[in-house]
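Chains as they are written, first to last, in this note's numbering: chain X, 2 to 500; chain G, 2 to 500. Each residue gets a CB set at the ideal place from its N, CA and C atoms; glycine is no exception. Values in this document were obtained by computation on a predicted structure and should not be read as measured data.
What follows is the structure in structure tokens.
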């Protein structure tokens with residue numbers, strides 16, 4: 002029997018550098034690898050999402066649409082893939098349906114092929130419109146199950162959600178393990194359950210992070226259960242809070258009943274490319290290598306560091322442990338939402354508030370909205386007492402319908418607002434940029450013509466550092482200081498050196 | 002059915018810091034973790050071997066026997082385990098049988114329980130004496146299969162070698178993957194083959210490094226094939242050229258047909274201990290994270306850096322690629338020995354000589370000995386033409402018998418030589434130290450009374466470094482200033498901080 006082919010999605014152009022280098026990589030540091038990525042034989046190339054879009058306009062003075070068109074041009078043979086937050090698009094609130102449609106149309110037009118659509122609370126109604134829009138463009142709509150661990154999350158529940166996504170027109174399903182919590186056995190059980198319920202030809206893609214150190218085994222068991230495509234990142238930008246290394250995945254299949262037909266010499270060239278790039282972004286590197294405590298605390302690394310800085314800002318840096326103990330309580334009271342943008346921030350901030358001011362003495366507006374249904378339906382029941390507090394504090398009534406149904410048409414107004422901004426180019430793409438990042442877009446439009454501002458160290462700076470380190474005079478030799486200057490929500494990099 | 006229990010050998014006290022921190026860790030940095038290690042439920046605790054012994058007397062001014070007795074005292078409930086190079090003991094040449102016996106007796110007497118006996122060319126005759134000696138002491142003799150990839154190495158061959166080791170009295174077998182070359186499928190096939198040939202109750206221990214990034218999956222497949230014990234290292238000293246993280250291994254078993262019954266709260270304490278210790282040895286850290294090219298080059302990382310420095314010393318630093326291409330040729334001509342101490346050094350140096358002086362124009366004495374059988378019998382046939390060159394250059398005849406049979410009694414002479422050394426304490430342990438490290442022992446004995454010299458940074462030095470870094474951050478924080486800037490009638494808020 003010839004081995005079964007497993008597809009691979011390469012993550013290095015999006016989630017790889019997002020997880021390891023705080024999403025700071027400039028397009029100019031990616032283009033050199035594109036030809037090899039395009040020809041290596043991947044199922045798809047993930048290259049766009051909320052954080053990369055945000056980083057482009059906030060830190061890099063890059064137009065994210067130009068980046069997308071660049072990828073399209075440089076990788077003509079590849080399926081380009083993006084991560085889309087359902088009704089939130091790439092922003093942090095719900096958008097009215099027409100805005101969702103326009104975004105999907107424009108993304109498809111600019112070259113996107115595969116739309117991985119997810120919702121933080123796994124509410125299918127928050128994914129439906131985006132999925133429909135993708136299907137309408139003729140592109141690939143992938144429905145997503147965000148994986149978490151809780152008393153209400155079961156294999157059967159995930160299998161049921163898979164069915165709802167398929168009913169909505171999903172051409173494939175993604176099982177998304179953003180916190181590296183998915184162990185081999187549940188991965189096997191969920192994938193087998195989906196295949197047995199909806200047919201063996203139901204395409205399932207698996208996305209795992211590697212923080213907990215167990216998920217390469219998860220990929221193995223997922224293959225045995227029938228998974229079709231797995232996500233990996235080239236080894237020079239892998240592991241820790243990132244993903245399993247692509248080349249290791251390829252090698253581990255030797256002699257088994259699986260193959261992935263990737264071109265190893267090209268993979269090694271991609272690896273070498275990013276091995277050279279990575280040191281330029283060392284200032285943004287994550288320090289985590291392996292962390293298995295997330296199985297107990299369920300607090301992803303990024304969320305923990307956020308909470309710590311919130312506490313320090315309040316002079317309560319000694320209360321981290323107390324807050325960590327609050328997180329599971331707040332998560333349970335909110336109906337056990339998966340912790341992923343934006344629920345991780347909402348739950349984490351409320352846990353901080355509970356410790357600083359007493360349990361639910363003060364709610365954040367976002368947490369109140371979560372309790373009242375404005376982020377959608379959570380799988381577990383919300384705590385009715387806390388919901389009553391939310392209602393009392395905000396004067397808003399709880400809702401059970403689809404949150405976006407409450408929104409009024411907003412496209413025309415967004416167009417008007419965008420056209421009033423200096424530097425806007427009159428395109429729908431600019432309207433979408435403004436819609437999703439209203440605080441950052443105006444400054445970006447104004448300065449766009451200046452072209453990309455990299456935040457990477459230059460080759461000359463790296464060489465100087467290396468020389469300084471070698472000569473043991475690191476302090477004296479580097480007289481150049483780089484400042485981040487934030488202005489109107491955008492950050493510019495300014496280098497200062499002695500004249 | 003209750004889950005099958007998999008034993009775990011904790012490596013952090015030997016191979017963990019050997020692979021990641023160049024074996025430099027001082028005993029004083031280990032003692033604080035011993036109680037938790039002792040009570041965590043491991044099958045055994047690896048804590049002694051050639052490199053740690055060498056490092057003790059060469060770099061740390063520690064008596065390795067004192068270290069062993071310290072472990073024995075602090076871990077009364079644990080099986081202490083060591084790695085023993087068969088007839089080479091912990092040195093780099095063959096020793097006469099009485100020296101081998103004495104070493105094993107003294108090790109057992111000082112507290113060693115499990116002796117993992119290996120030979121670089123997998124010649125059982127080089128392991129026989131050490132195994133017999135272990136059996137005689139009543140301790141646990143573990144016979145070792147060094148894993149490599151070559152045209153002559155087959156699953157059947159490894160299974161046959163396993164039988165020879167069992168015939169020699171091995172109470173268990175170790176499958177030793179020192180270069181992270183063992184993929185899941187061959188691991189499964191070898192272990193299954195051994196179990197089916199010699200009985201399911203044949204104990205098999207699996208030792209994998211993690212350099213290639215695939216071997217946690219290897220452990221998974223090994224369990225499915227029936228492996229009894231696996232080697233891991235606590236997460237804060239894991240991955241890269243080290244090993245798979247202990248806590249990740251524990252977590253991945255949840256819900257499966259396997260368990261390992263380790264005490265997670267204790268594991269986390271051990272992790273925290275070494276997370277604090279690791280920065281003190283940052284100067285010795287390996288930079289490798291993932292390397293899959295070893296599957297093709299079969300050149301372990303340490304061997305490559307050795308060859309590079311040899312070439313540079315000869316002003317031939319540009320010939321690394323040529324040398325890498327020579328290694329597989331030299332390895333094949335030598336009969337495909339596994340590359341592990343000392344064969345990795347011998348093959349690597351000859352590859353360098355072949356590039357510098359022409360193929361086999363000049364042989365090293367060690368390479369000639371390897372070609373002539375003085376390191377034992379290699380699985381593949383040696384190239385007869387190269388063997389003839391070795392014979393001509395050295396005037397030595399090839400041998401086919403057990404190399405140690407040629408040795409004359411040497412114990413009494415070693416005793417006499419040791420007793421002549423300043424600072425020797427008259428014990429057999431000192432004789433053994435001198436026997437194995439004749440170049441280093443005299444200086445060690447002379448200075449032993451001064452007590453341990455750590456090469457770690459002190460807490461004070463680390464604190465000073467941290468303070469310096471923090472004061473940099475503090476400066477940056479102090480230097481974060483928010484300005485209101487009025488420009489063209491509009492006021493912007495500008496925040497400036499050190500990047």
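Segment limits, alpha helix (DSSP H) that includes residue i
i, result
"residue 68 of chain X", "65–75"
"residue 349 of chain X", "344–358"
"residue 513 of chain X", "Outside the shown range of chain X, which is 2 to 500, sits residue 513 of chain X, and nothing can be said about it."
"residue 437 of chain G", "429–437"
"residue 141 of chain G", "Taken as a continuous stretch (DSSP letters only), residue 141 of chain G belongs to no alpha helix (DSSP H), being part of the beta strand (DSSP E) at 141–147."
"residue 444 of chain X", "442–448"
"residue 380 of chain X", "No alpha helix (DSSP H) contains residue 380 of chain X, which DSSP labels as neither H nor E."
"residue 201 of chain X", "Premise fails: residue 201 of chain X is in no alpha helix (DSSP H) and is neither H nor E."
Residue burial classification, residue i (beta-carbon count within 10 angstroms, cutoff 16)
i, result
"residue 78 of chain G", "exposed"
"residue 21 of chain X", "buried"
"residue 284 of chain X", "exposed"
"residue 336 of chain X", "buried"
"residue 40 of chain G", "exposed"
"residue 5 of chain G", "exposed"
"residue 11 of chain G", "buried"
For residue j and residue i, the rounded distance between their alpha carbons
i, j, result
"residue 405 of chain G", "residue 226 of chain G", "36 angstroms"
"residue 180 of chain G", "residue 301 of chain G", "6 angstroms"
"residue 373 of chain G", "residue 230 of chain G", "37 angstroms"
"residue 410 of chain X", "residue 89 of chain X", "15 angstroms"
"residue 250 of chain X", "residue 215 of chain G", "7 angstroms"
"residue 261 of chain G", "residue 163 of chain X", "33 angstroms"
"residue 271 of chain X", "residue 74 of chain X", "18 angstroms"
"residue 183 of chain G", "residue 293 of chain G", "12 angstroms"
"residue 386 of chain G", "residue 185 of chain X", "52 angstroms"
"residue 508 of chain X", "residue 48 of chain G", "Absent from the structure is residue 508 of chain X, since the part of chain X shown begins at 2 and ends at 500."
"residue 288 of chain G", "residue 359 of chain X", "46 angstroms"
"residue 477 of chain G", "residue 267 of chain X", "Below a pLDDT of 50, predicted positions are generally treated as unreliable, and residue 477 of chain G, at 40, falls in that range; no measurement from the model is reported."
"residue 31 of chain G", "residue 14 of chain G", "7 angstroms"
"residue 1 of chain G", "residue 304 of chain G", "No answer is possible for residue 1 of chain G: the residues shown for chain G start at 2 and end at 500."
"residue 417 of chain X", "residue 435 of chain X", "11 angstroms"
"residue 295 of chain X", "residue 53 of chain X", "25 angstroms"
Short Cβ contact (8 angstroms threshold) for residue i with residue j
i, j, result
"residue 219 of chain X", "residue 242 of chain X", "no"
"residue 86 of chain X", "residue 111 of chain X", "no"
"residue 131 of chain G", "residue 170 of chain G", "no"
"residue 244 of chain G", "residue 17 of chain G", "yes"
"residue 364 of chain X", "residue 388 of chain X", "no"
"residue 25 of chain G", "residue 56 of chain G", "yes"
"residue 506 of chain G", "residue 291 of chain X", "A question about residue 506 of chain G goes unanswered here, because the residues of chain G that appear run from 2 up to 500."
"residue 105 of chain G", "residue 67 of chain G", "no"
8 angstroms Cβ cutoff, residue i in contact with chain G
i, result
"residue 388 of chain X", "no"
"residue 179 of chain X", "no"
"residue 257 of chain X", "yes"
"residue 26 of chain X", "no"
"residue 214 of chain X", "yes"
"residue 341 of chain X", "no"
"residue 236 of chain X", "yes"
"residue 455 of chain X", "no"
"residue 275 of chain X", "no"
"residue 151 of chain X", "no"
"residue 446 of chain X", "no"
is_contact[residue i, chain X] using C-beta, thresh 8 angstroms
i, result
"residue 246 of chain G", "yes"
"residue 165 of chain G", "no"
"residue 184 of chain G", "yes"
"residue 187 of chain G", "yes"
Contact test: residue i Cβ vs the ligand GTP heavy atom, cutoff 7 angstroms
i, result
"residue 465 of chain X", "Looking at this structure, you won't find the ligand GTP or any other ligand, since it has none at all."
N-terminal and C-terminal residue of the beta strand (DSSP E) that residue i is part of
i, result
"residue 83 of chain G", "81–85"
"residue 50 of chain X", "Where residue 50 of chain X is concerned, there is no enclosing beta strand (DSSP E), given that its DSSP letter is neither H nor E."
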